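First comes the structure, then the notes that go with it.
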Amino acid sequence: MDTSPIISHVTTAEEQALLTPAEVLQQFKDGNKRFRTGRVTRRNHREQVRRSAPGQYPKAMVLSCLDSRVPVEDVFDQGIGDVFVGRVAGNFVNEDLLGSMEFACKVAGAKMILVMGHQHCGAIRGAIDNVQLGNLTTLLAKIKPAVAMSEDFDGEKTSANPAYVKYVAENNVRLSLNNIRIHSPILKGMEDDGEIKIVGAFYRLTDGTLEFIE
Ligand SMILES: [Zn+2]
Numbered sequence: 070m071d072t073s074p075i076i077s078h079v080t081t082a083e084e085q086a087l088l089t090p091a092e093v094l095q096q097f098k099d100g101n102k103r104f105r106t107g108r109v110t111r112r113n114h115r116e117q118v119r120r121s122a123p124g125q126y127p128k129a130m131v132l133s134c135l136d137s138r139v140p141v142e143d144v145f146d147q148g149i150g151d152v153f154v155g156r157v158a159g160n161f162v163n164e165d166l167l168g169s170m171e172f173a174c175k176v177a178g179a180k181m182i183l184v185m186g187h188q189h190c191g192a193i194r195g196a197i198d199n200v201q202l203g204n205l206t207t208l209l210a211k212i213k214p215a216v217a218m219s220e221d222f223d224g225e226k227t228s229a230n231p232a233y234v235k236y237v238a239e240n241n242v243r244l245s246l247n248n249i250r251i252h253s254p255i256l257k258g259m260e261d262d263g264e265i266k267i268v269g270a271f272y273r274l275t276d277g278t279l280e281f282i283e
């Protein structure tokens, strides 16, 4: 029987203000360890809903793919009010997502931006395969730079090769990190001043593990 306490607490403005970006990253790493080892925090969601309603003081902003197998709060064992989540198939940035990140960090006080790609990503495979389908064609074009960046892959360069798909997905995360720094002077300035961390990660569907990308 799980005798761990049931958490009703939500992150407060004071707690958010005291957290450093490095502490937030460590909290998310620790949370992922709890998730992948089956020791997640027990939470009273009804009580957290009630307590978080007056205001939110999230610790981080995560940009994830659309994939239904990547439940962002769960992956980091975070609760209601702890994390801003932006999602788009292929986890690339555009001006709307950059604006959302600027809101999350500059206005709402989040201390970390984490761009998370994942294993077996359908959007990455679609970009590799040059899929043409309605508005998806336009979306996949935004992932094509990661495919172009992966020309140096040593091996079979097709969507049937999981190692190549992973290689492209990791490059796609690196491009997103670069694009954040290039296209958002606000976020770049906050990073340079040590107010936020901007990091990337690759999520393995098979075991719930995160590999951090520098
Ligand atoms: Zn995906």
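All the letters of the sequence shown, read from the start, carry residue numbers 70 to 283 under the numbering used here. Idealized CB from N, CA, C, for every residue including glycine. Please read these numbers as outputs of a predicted model, since none were measured by experiment.
Check: I149, DSSP secondary structure in three states; Outcome: coil
Check: Rounded C-alpha distance that separates D143 from F161; Outcome: 21 Å
Check: For F271, three-class secondary structure by DSSP; Outcome: strand
Check: I282 in three-state terms, based on DSSP; Outcome: strand
Check: Extent of the continuous beta strand (DSSP E) to which I182 belongs; Outcome: M181 to H187
Check: Sequence-ordered residues whose beta carbon comes within less than 5 Å of a heavy atom of ligand 1; Outcome: C134, D136, C190 and A192
Check: Close Cβ partners of S245 (< 6 Å) along its chain, the five nearest in sequence each way excluded; Outcome: F161, V162 and V184
Check: Coarse secondary structure for L88, derived from DSSP in three states; Outcome: coil
Check: R120 beta carbon less than 8 Å from that of V79; Outcome: yes
Check: Integer Cβ distance of M181 from K266, believed to fall under 8 Å; Outcome: 5 Å
Check: Run of the alpha helix (DSSP H) containing L205, from where it starts to where it stops; Outcome: L205 to A210
Check: Coarse secondary structure for I265, derived from DSSP in three states; Outcome: coil
Check: Inter-stretch contact at 8 Å, needing at least 3 Cβ pairs: the segment 143–159 / the segment 99–111; Outcome: yes
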